[in-house]
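The block underneath contains the structure these notes are about, expressed in structure tokens.
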Amino acid sequence: MRDRDERRSVGLGALGLLSLFVLGPATAAAQDAEDYDPRDMRTEGLDDDAARSRFRVGQALFDEGRFGEAAREFESAYQLSRRPSLLFNAYLAYRDGSMLEDAARALAAYLEADPGIEDASALEVRLRAIQRTVDEERARREREATEREALEAEARRLELEAAEARRREEEARRLAEGRPLNPIGFVVGGVGVAMLAGSLVSGLMANAQVGTLEDNCPDNRCVAGFDLEGERARADRRVLATDILLFGGAAVTVTGVVLLFVGRRGGDRAVEPSAACGPTGCQADLRVRF
Amino acid sequence: MARSCILLLSLGLGGCFAITDTGRFEEDRGCDLQLRLREFGPHAAPDATLRHFNRFEVALSRARADGAQTLEALAVFDPLGNATVNLRMPNAVRPRTDPRQGLPAIDFYADFDDVPGLSRGDHAWILEDACTTGPEPFLHNTGFQFRTADAPIVSAGVDLEVRFCGPDRIFDLAGGAEVRVRERTPEDIDRAIGFYRTNDANRAADGVLLPGILPDGGVAVVEVLADRDNDGRLGAGDRAWNFMIGDAAFLPCGAVERCSLLRDDAPCFEGGRVVVRVSPVRATTNTLAEERWFDNEP
Chain V
3 MRDRDERRSV GLGALGLLSL FVLGPATAAA QDAEDYDPRD MRTEGLDDDA
53 ARSRFRVGQA LFDEGRFGEA AREFESAYQL SRRPSLLFNA YLAYRDGSML
103 EDAARALAAY LEADPGIEDA SALEVRLRAI QRTVDEERAR REREATEREA
153 LEAEARRLEL EAAEARRREE EARRLAEGRP LNPIGFVVGG VGVAMLAGSL
203 VSGLMANAQV GTLEDNCPDN RCVAGFDLEG ERARADRRVL ATDILLFGGA
253 AVTVTGVVLL FVGRRGGDRA VEPSAACGPT GCQADLRVRF
Chain H
20 MARSCILLLS LGLGGCFAIT DTGRFEEDRG CDLQLRLREF GPHAAPDATL
70 RHFNRFEVAL SRARADGAQT LEALAVFDPL GNATVNLRMP NAVRPRTDPR
120 QGLPAIDFYA DFDDVPGLSR GDHAWILEDA CTTGPEPFLH NTGFQFRTAD
170 APIVSAGVDL EVRFCGPDRI FDLAGGAEVR VRERTPEDID RAIGFYRTND
220 ANRAADGVLL PGILPDGGVA VVEVLADRDN DGRLGAGDRA WNFMIGDAAF
270 LPCGAVERCS LLRDDAPCFE GGRVVVRVSP VRATTNTLAE ERWFDNEP
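Residue numbers (our numbering), protein chains in the order written: chain V, 3 to 292; chain H, 20 to 317.
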């Protein structure tokens, strides 16, 4: 509500200001004495054409709500005419543009340029209030900036850590891919496969032997004169050998496959042979890690 | 890939071997021919007017290597005489000597239409494995089974005729008559190959014919029992004879009469069959190799 009143008063002030430029300094002075409002723009001594032109531009920008540009026009007009009231106008424009730091600066300059103004004390109170607000705002911004920087730093750190983790993971993967399989696994697995192959051969032989039994023993009853016990013993031996080779081979093969991968440990060697000789004899060690 | 295939093949074969049980094989020792008939009342008695009605025949046969279903033993009840009959012919089922031979089968039938021999009007059954199914009680039923015409039972042996000679036909036409025939193998094992039994000697007044049961050129023993008390065993009042059939039995009977009354009359060969003549003058025996080959125990 106060902002609206201020705008309206500024508008009225601008209108009065415009008439002051048109009617001349004497009229303007008379009007200042009658309708002074500290929130209104001030136009004392604006009789310079260039300054007046800047003032009008500023006035128009102000009416459009382009407060920063308006304030700068008012300050330019001040530079041309050195009339302190333009600083007050710049203050108002900065203030309405929420540029409190510039508003404080303009208001301070105004108070300094014209120490004799009637409402100086009130304006100084306002200046201090604005400066407090500016200081608080600045402190807040600095605090936020500090926090933001800290957050950004933390984010950068986390990103770096993630990148480092990715790099290490990739490196570990490359190392794992390039790591040789455990040779013990090859040996054990090879033995297992050989046993399985043996079981195949033995199985075929056992199959042939059982086939002989089946051929001579239709309906599981063997013909007279057939050496059942001897043939059965041979078949049983081969069947037993087949089963041992089969299941043993399977177990050894699985063990070998496990050893292939279990023994992979980075650059460390899974198998560490060592030998040493001393005055009392020699010793050889084979250390296997799995 | 090839290694995987070998591995799988090995595993598959090994799995088969792992469950192979060679204990299931056993030596074929043969067995007694057993047949345990139950509820055979309809075939227990003969018909007064029909000669062949209810003549009951049991044939043990086996498919030989050449596929021919060959007779190995024959038993005849003329008729069964009882609704419950247990037949047991010692060592009748020989062990197989060739893996191509089939299982021993028991074909048995009751002549129900009085047409001599097996015909479609008779009651007939078949047990496929004599050593396993024979000992099981067999209840009379109407699920009659007949061999197909293209696989009949054929005989590879020689017929045996046992003639009862003498004024009283040796039995005085009273009581029962029984003939038991055993083959004596080179291993000196007696195997039952023929059996005839009647509780009414009148039905065998002229003798008994057991077709195709004698091994050609082998040795056989024939036992004849005049079972006056009809208990199936040699007891007081009964008479029994035995005969050895060897190569000499295949000599022609020559001028000898159909029924001689010689004390030592030997078997001879006549009309394509071996003839054994039993007469009152021939020496009897006090013992039989087995007490009885059949009973009526439930």
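Don't be surprised by glycine CBs; every beta carbon is placed ideally from N, CA and C.
Within chain V, the C-beta atoms nearer than 7 Å to that of F44 of chain H come from L215, C219, N222, C224, L230 and R234, in chain order. Annotation: D207 of chain H has no Cβ neighbours in chain V at a cutoff of 8 Å; minimum Cβ distance is about 15 Å.
Between D85 of chain H and chain V, the shortest Cβ-Cβ separation is not below 8 Å. Taking a beta-carbon distance threshold of 8 Å, P234 of chain H does not count as an interface residue toward chain V. Below the 9 Å Cβ cutoff, chain H contributes no neighbours of V189 of chain V, its closest Cβ being approximately 16 Å away. By DSSP's assignment, H142 of chain H forms a beta bridge with H:A129. Between E58 of chain H and H142 of chain H a beta carbon distance of about 12 Å is seen, past the 8 Å cut, so the two are scored as non-contacting.
Taking the Cα positions, S55 of chain V is about 8 Å away from A79 of chain V. Nearest to T255 of chain V by alpha-carbon distance, out of V:V241, V:N222, V:G194 and V:G232, is V:G194. Look at D287 of chain V: its C-beta is not under 8 Å from any C-beta on chain H. The three-state secondary structure of D178 of chain H, taken from DSSP, is strand.
Of the other Cβ atoms in all chains shown, 16 or more fall within 10 Å of the Cβ of E242 of chain H; this residue is therefore buried. In the DSSP assignment, G195 of chain H falls within the unbroken beta strand (DSSP E) covering G195 to R203.
Chain order gives the chain H residues near A237 of chain V as T41, where near means a beta carbon separation below 7 Å. Contact of V254 of chain V with chain H is not assigned, every C-beta pair being separated by 8 Å or more. As a beta-bridge residue in DSSP terms, N105 of chain H pairs with H:R55 and H:D314. Only R113, P114, R115, T116, D117, P118, R119, Q120, G121 and L122 from the region 113 to 126 of chain H bring a Cβ to less than 9 Å from some Cβ of chain V. Residues of chain V whose Cβ lies closer than 7 Å to the Cβ of D47 of chain H are, in chain order, R223, C224, V225 and A226. Counting the other CB atoms within 10 Å of its CB gives V181 of chain H a total of 16 or more, which places it among the buried residues. When rounded, the separation of the alpha-carbon atoms in A92 of chain H and F75 of chain H is 14 Å. DSSP places C150 of chain H within a helical segment (H, G or I) once states are collapsed to three.
Of all C-beta pairs linking the region 253 to 262 of chain H to the region 201 to 218 of chain H, fewer than three are shorter than 8 Å, placing the two stretches out of contact. Within the region 70 to 120 of chain H, the beta strand (DSSP E) runs of at least 3 residues that lie entirely inside it are, in chain order, 75 to 82, 88 to 96 and 104 to 112.
In terms of Cβ geometry, V225 of chain V and P205 of chain H do not form a close pair [threshold 8 Å]. Per DSSP, reduced to three states, the secondary structure at D287 of chain V is strand. A residue is called buried once 16 or more other Cβ atoms fall within 10 Å of its Cβ, and P98 of chain H is buried on that count.
Neighbourhood of V259 of chain V in chain H, by CB distance below 8 Å: empty, with the nearest CB roughly 12 Å away.
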